[in-house]
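**Q** Each residue of the sequence shown is one higher than the one before, counting from 8 in my numbering.
C-beta: ideal position from N, C-alpha, C; glycine also.
Please read these numbers as outputs of a predicted model, since none were measured by experiment.
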Amino acid sequence: MTLSIGLTGGIASGKSTVSNMFKEANIPVIDADIIARQVVEQGAPAYRLIAEAFGSGILQEDGSIDREKLGSIIFQNANEREKLNSIVHPAVRKEMLRQKEEAEASGEAAVVLDIPLLFESKLTHLADVTLVVYVNPDVQLSRLMRRNGLSEEDAKWRIASQLPLNEKKDQADEVIDNNGTIEETKKQFHTLLEKWNLASK
Numbered sequence: 008m009t010l011s012i013g014l015t016g017g018i019a020s021g022k023s024t025v026s027n028m029f030k031e032a033n034i035p036v037i038d039a040d041i042i043a044r045q046v047v048e049q050g051a052p053a054y055r056l057i058a059e060a061f062g063s064g065i066l067q068e069d070g071s072i073d074r075e076k077l078g079s080i081i082f083q084n085a086n087e088r089e090k091l092n093s094i095v096h097p098a099v100r101k102e103m104l105r106q107k108e109e110a111e112a113s114g115e116a117a118v119v120l121d122i123p124l125l126f127e128s129k130l131t132h133l134a135d136v137t138l139v140v141y142v143n144p145d146v147q148l149s150r151l152m153r154r155n156g157l158s159e160e161d162a163k164w165r166i167a168s169q170l171p172l173n174e175k176k177d178q179a180d181e182v183i184d185n186n187g188t189i190e191e192t193k194k195q196f197h198t199l200l201e202k203w204n205l206a207s208k
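(1) Evaluate GLN147 with the Cβ neighbour count: other Cβ atoms within 10 Å of its Cβ, from every protein chain shown; 16 or more gives buried, anything less gives exposed.
(2) According to DSSP, what are the bridge partners of ILE183?
(3) Going by beta carbon distance, what residues of the same chain come within less than 6 Å of LYS208, once the five residues before and after it are set aside?
(4) Quick check: the Cα distance between ASP145 and ILE183, rounded to an integer number of angstroms?
(5) How would you label SER71, buried or exposed, when you count the other beta carbons within 10 angstroms and need 16 or more for buried?
(6) On the premise that LYS101 lies in contact with ALA3, defined as a C-beta separation below 8 Å, what is that separation, rounded to the nearest angstrom?
(7) By alpha-carbon positions, which one of ASN186, MET28, LEU125 ends up nearest to ARG150?
(8) Would DSSP call THR198 helix, strand or coil?
(9) Count the other CB atoms within 10 Å of the CB of THR15; is the residue buried (16 or more) or exposed (fewer)?
(10) Run through the DSSP bridge pairs and tell me what ALA110 is partnered with.
(11) Figure out for me which residue from ARG74, ILE12, LEU124, GLU31 has the closest Cα to the Cα of LEU172.
(12) Return the chain-ordered ranges of every beta strand (DSSP E) run that is complete within the region 33 to 97 and spans a minimum of 3 residues.
(13) One question on the structure: do ALA179 and ASP121 come within less than 8 Å of each other, judged by their Cβ atoms?
(14) Do VAL95 and ILE37 have their CB atoms nearer than 8 Å?
(15) Could you say if the region 37 to 57 and the region 161 to 168 meet the contact criterion of at least three C-beta pairs nearer than 8 Å?
(16) Is LEU138 near GLU181, with beta carbons less than 8 Å apart?
(17) With DSSP run on the structure shown, which of helix, strand or coil describes LYS208?
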């Protein structure tokens, strides 16, 4: 029986750091963001649908999607964001399920479904347990501004496009508090592996 772990967090909460810890522990990670990039590459069905929905203005000279341009449209408009999600999400879900079934078939002890919008997209049914990487709102804001070189206003727009971390924390089965040092985060991570009987696998 393969334990499927739904990993999520908020933008700049440190989810990628925890995702890398799973990889270092030899637990396969299925990354929704990576798949989301693959399903919109030129020639993929979702690419054509996005170009039709948003027009040629979001394409670069080589025909690929300009993620910055598309991002600036969807981060400030809920309807446009919903339009994009309705194209991308089904394609991502299909590929994630295919990879999850592959991991189960090969007898993996666990598989991580790294999904930024796990709760927003109502995908918790895909996982046996859900894990949220949490930071306080002020820490999240300052980390995002520093990491992406954003103004406070732009950073707040991006954070507001996701469910607040406090709400995710309340809905999760497990929480890793990432406000402290990387060593403190690692300690919580290893405690979870022991709880799930994955420490030595």
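**A** Looking at the coordinates:
(1) GLN147 should be labelled buried.
(2) Per the DSSP secondary-structure output, ILE183 pairs in a beta bridge with VAL140.
(3) Summary for LYS208: the model assigns pLDDT 47, below 50, so the residue's position carries little reliability; its value from the coordinates is reported in the next sentence. Its chain contains ALA116 as the residues whose beta carbon lies nearer than 6 Å to that of LYS208, once the 5 sequence neighbours on both sides are disregarded; these appear in chain order.
(4) Rounded to the nearest angstrom, the two C-alpha atoms are 17 Å apart.
(5) Under this definition SER71 is an exposed residue.
(6) The first residue shown for the chain is 8 and the last is 208, placing residue 3 beyond what the model contains.
(7) For ARG150, the nearest C-alpha among the options comes from ASN186.
(8) Three-state result, THR198: helix.
(9) Burial call: buried.
(10) Beta-bridge pairing links ALA110 to no other residue.
(11) Residue LEU124 is the option with its Cα nearest to LEU172.
(12) Segments of the beta strand (DSSP E) lying fully in the region 33 to 97: 36 to 38.
(13) No.
(14) No. Outside cutoff.
(15) They do not touch, by the three-pair rule.
(16) Taking 8 Å as the Cβ cut-off, LEU138 and GLU181 qualify as a contacting pair.
(17) In this prediction, LYS208 scores a pLDDT of 47, lower than 50, which makes its location untrustworthy; the coordinate-derived value is nonetheless stated afterwards. Three-state result, LYS208: coil.
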